[in-house]
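Q:
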Amino acid sequence: MGKVITLFKLLPKKHQVLLSILSVITMITMLFPSEEAQASRQTAGIVENAQINTRYDVPLAFRTPGRPEGLISEESQPSNLNGAEPMSSAAALASGEAKLDIETRENAQHRDVEHFNVKNGDTLAAVFERAGLSSKDVYQITQLPLAKQNLLKIIPGEEIVISKDINGELTEVRYRLNAASTLVISKENDQYHEKISEKDIEIRSHFVNAKIKSNFWNAAVDAGLNANQIMQLSTVFGWDIDFALDLREGDTFAIVYEQEYAEGEFLRNGNILAAEFINQGERYTAIRYTDGNYYSENGTSMRKAFLRSPVDFKYVSSNFNPKRLHPVTGQVKAHRGVDYVAAIGTPIKAAGSGKVIEAGYNQFNGNYVFIKHNDTYTTKYLHLTKRNVSKGASVKQGQIIGTLGKTGRVTGAHLHYEFIVNGVHRNPRTVTLPKAEAIAQKEKPQFDALSKQLMATISQSKQSELAMQ
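Heads up, the final residue of the sequence shown is numbered 488 in my numbering, and it's a clean run with no missing numbers.
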């Protein structure tokens, strides 16, 4: 207080006068009763004349948070199950909303929902034990077909959602199978029921355009494609382009493909709908038709009667050469095939459909398979680690017939592949491959309309990207 007086004395005379006047006004104001005090006296008068079992509008000031003492005695309140005080319509509305909130909380108590993350080493029984469920629950649930198929294969990182009622009894189990599907197991009257809950899938089309700078794989990844799409694209054009040897820096590709969404959430990339690949200045196109096959924009099948190469290889160690110097014997001996180098165990695919006419082993060829495709074409596969087919078996194009190895007389792991036309060895890398059938004539009008639409989308999208650069 002394400090306040000292500070007051240091102020200019004019300021001291003004502060003194304000202090006097404040004290006078505090001495007079406020409107709230008057309202209290008025309300007291009402209370004195209040009649039993008669409802009155309670002044707003007294509705919340509580009733002032002496306003209305408990004996004079109308009967109310909730013990609430009489109130106006506005207060009743607020009370109704509060009641809904209470009911919501009560309903929540009837259904306790817990999320359990699957840990390393967890079984379904271990997760249920953490959830406080019984071994009987585990047994009965695992007898359900879908549950047996999925819940017994849970892996770390997945989640199981378990719901119980107010008594702690199991009511529901939810297990997400994938981004769009959830296994739901419910219990009603001691009976378990299961179903797959599916989200609605929305298909959207997406466009990407890329240029090869270092290699095809990196360019495709940078464009946003996943591994499956990259393999799909290389398969579509694999009959025309050797993706290990033919690609060059500056080659480009543009594609339109499907994207799947569920309730606005991106799920995954889908099928390639249309594609354009420019390799060393030559343009190749592909359209996916309703039969699931790919055709060039004019309806020619992208699928040839033979694959250009029957293995996904790293490089060619020895090309087709009629005058090659043999690496083991040192003698000049024709190399009548192509040697593809890859890791031991790499799958070997049948270049075309046909019948296995030879499958065996010798000291020169190691494990080998010969396939006759028709009276014109035969292919041979040498030095396999193992064979997956036997003599006399029928095979389809792309079927795995064995794995790459280094059996027989070789200096390292590779596939020796030969392509024979009318009994004459031809270079597998340069021989003209026969084409499969074009699209059926009755489908041609519908295909042409689809082809024009998709190729126009690619062209317009490329122009838009160019304009934005």
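We treat Cβ as the ideally placed atom computed from N, Cα and C, and that holds for glycine.
How many angstroms separate the CA atom of Ile306 from the CA atom of Glu277?
A: Start at 1 with the first residue of the sequence shown, and residue 306 comes out as number 287. Start at 1 with the first residue of the sequence shown, and residue 277 comes out as number 258. Using only the alpha carbons, I get a separation of about 13 Å.
Q: In three-state terms, what does DSSP make of Phe256?
A: Working through the sequence shown from its first residue, we reach residue 256 at position 237. Here Phe256 sits in coil by DSSP.
Q: In whole angstroms, what is the alpha-carbon distance linking Ala238 and Gln382?
A: Counted from its first residue, the sequence shown places residue 238 at position 219. Counted from its first residue, the sequence shown places residue 382 at position 363. Their Cα atoms are separated by approximately 43 Å.
Q: Can you have a look at Tyr158 and say buried or exposed, based on whether 16 or more other CB atoms are within 10 angstroms of its CB?
A: For this step, residue 158 is matched to residue 139 along the sequence shown. That one is exposed.
Q: For Ile249, which of helix, strand or coil comes out of DSSP?
A: If you number the sequence shown from 1, residue 249 lands on position 230. The answer is helix: DSSP assigns Ile249 an H, G or I state.
Q: Does the distance from the C-beta atom of Gly424 to that of Asn386 stay below 8 Å?
A: Counted from its first residue, the sequence shown places residue 424 at position 405. Counted from its first residue, the sequence shown places residue 386 at position 367. Yes.
Q: How far does the alpha helix (DSSP H) with Leu165 in it extend, from its first residue to its last?
A: In the sequence shown, counting from the first residue as 1, residue 165 sits at position 146. Its alpha helix (DSSP H) spans residues Pro164 to Asn169.
Q: Based on the DSSP output, what are the partners of Phe135 in its beta bridges?
A: Here residue 135 corresponds to residue number 116 of the sequence shown, with the count starting at 1. Ile179.
Q: Would you grab the beta carbon distance between His402 and Val429 for me? Rounded to a whole angstrom, and I think it's under 8 Å.
A: Counting from 1 along the sequence shown, the entry for residue 402 is found at position 383. Counting from 1 along the sequence shown, the entry for residue 429 is found at position 410. Contact flag correct, Cβ pair sits at about 5 Å.
Q: How would you write the range of the beta strand (DSSP E) that Leu423 sits in, first residue to last?
A: Mapped onto the sequence shown, residue 423 falls at position 404. Here the beta strand (DSSP E) through Leu423 covers Ile419 to Leu423.
Q: Could you pull out every residue in the same chain whose Cβ sits closer than 7 Å to the Cβ of Asn169, ignoring the five residues on either side in sequence?
A: The residue labelled residue 169 in the question sits at position 150 within the sequence shown. Hits under 7 Å: Tyr194, Leu196 and Leu202.
Q: Using a Cβ-Cβ cutoff of less than 6 Å, which residues in the same chain neighbour Thr426 once the five nearest sequence positions on both sides are dropped?
A: Taking the first residue of the sequence shown as position 1, residue 426 is located at position 407. Excluding positions up to five away in sequence, the list reads Gly385, Asn386 and His402.
Q: How far does the alpha helix (DSSP H) with Glu148 in it reach, from first residue to last?
A: Start at 1 with the first residue of the sequence shown, and residue 148 comes out as number 129. Leu143 to Arg149 is the extent of the alpha helix (DSSP H) around Glu148.
Q: Hey, quick one: how far does the beta strand (DSSP E) through Glu284 stretch, first residue to last?
A: Mapped onto the sequence shown, residue 284 falls at position 265. Where Glu284 is concerned, the enclosing beta strand (DSSP E) stretches over Glu284 to Asn298.
Q: So, at 6 Å on beta carbons, what are the nonlocal neighbours of Val180 in its own chain, with the 5 sequence-adjacent residues on each side left out?
A: Here residue 180 refers to the residue found at position 161 of the sequence shown. His134 and Arg193, listed in sequence order.
Q: Do Gly371 and Thr404 come within 8 Å of each other at the CB atom, strictly closer than that value?
A: The residue given as residue 404 occupies position 385 in the sequence shown. The residue given as residue 371 occupies position 352 in the sequence shown. No, the Cβ-Cβ distance between Thr404 and Gly371 is not below 8 Å.
Q: Identify the continuous beta strand (DSSP E) that holds Tyr303 and give its terminal residues.
A: Along the sequence shown, one-based indexing puts residue 303 at 284. Its beta strand (DSSP E) spans residues Glu301 to Arg307.
Q: Starting from the Cα of Val357, find the closest Cα among Phe226, Gln210 and Arg445 and give me that residue.
A: Taking the first residue of the sequence shown as position 1, residue 357 is located at position 338. The candidate whose alpha carbon is nearest that of Val357 is Arg445.
Q: Compute the distance between the beta-carbons of Lys183 and Asp131, then report whether it is under 8 Å.
A: Against the sequence shown, residue 183 aligns to sequence position 164. Against the sequence shown, residue 131 aligns to sequence position 112. Yes.
Q: Counting C-beta neighbours from all protein chains within 10 Å, is the total for His212 16 or more, i.e. buried, or is it exposed?
A: Walking along the sequence shown from the start, residue 212 turns up at place 193. Exposed, because fewer than 16 other Cβ atoms sit within 10 Å of the Cβ of His212.
Q: Would you grab the beta carbon distance between Thr190 and Ser200 for me? Rounded to a whole angstrom, and I think it's under 8 Å.
A: Position 171 of the sequence shown, counted from the start, is the residue given in the question as residue 190. Position 181 of the sequence shown, counted from the start, is the residue given in the question as residue 200. That pair is no contact at about 21 Å.
Q: With a threshold of 8 Å on Cβ separation, who are the neighbours of Thr361 within its own chain once the five nearest residues in sequence on each side are excluded?
A: For the purposes of this step, residue 361 is identified with residue 342 of the sequence shown, where counting begins at 1. Note that residue 361 is Ala in the sequence shown, not Thr. Only Val330, Asp331, Phe332, Lys333, Leu423, Ala432, His433 and Leu434 meet the Cβ criterion.
Q: Measure the alpha-carbon distance for Ala263 versus Ala459 and round it to whole angstroms.
A: Translated into positions along the sequence shown, residue 263 becomes position 244. Translated into positions along the sequence shown, residue 459 becomes position 440. Answer to the nearest angstrom: the Cα atoms are 33 Å apart.
Q: Are the CB atoms of Gly417 and Arg327 within a distance shorter than 8 Å?
A: Along the sequence shown, read from residue 1 onward, the residue named residue 327 stands at position 308. Along the sequence shown, read from residue 1 onward, the residue named residue 417 stands at position 398. Against a cut-off of 8 Å, the Cβ pair of Gly417 and Arg327 comes out as no contact.
Q: Closer than 8 Å by C-beta to Leu473: which residues in its own chain qualify, once you throw out the five before and the five after it? Chain order, please.
A: Within the sequence shown, the letter at position 454 stands for residue 473. Result list for Leu473: Val275, Leu292, Ala293 and Ile306, in chain order.
Q: Can you tell me the Cα-Cα spacing of Asp265 and Ala166, whole angstroms?
A: Position 246 of the sequence shown, counted from the first residue, corresponds to residue 265. Position 147 of the sequence shown, counted from the first residue, corresponds to residue 166. Cα to Cα, the separation comes out at about 50 Å.
Q: Going by DSSP, name the residue or residues bridged to Ser320.
A: Taking the first residue of the sequence shown as position 1, residue 320 is located at position 301. According to DSSP, Ser320 bridges with Tyr314.
Q: Considering only the alpha carbon of each residue, which of Ala145, Ser224, Gln465 and Lys155 lies closest to Ala477?
A: Here residue 477 refers to the residue found at position 458 when the sequence shown is read from its first residue. It is Ile, not Ala, that sits at residue 477 in the sequence shown. Closest option to Ile477, Cα to Cα, is Ser224.
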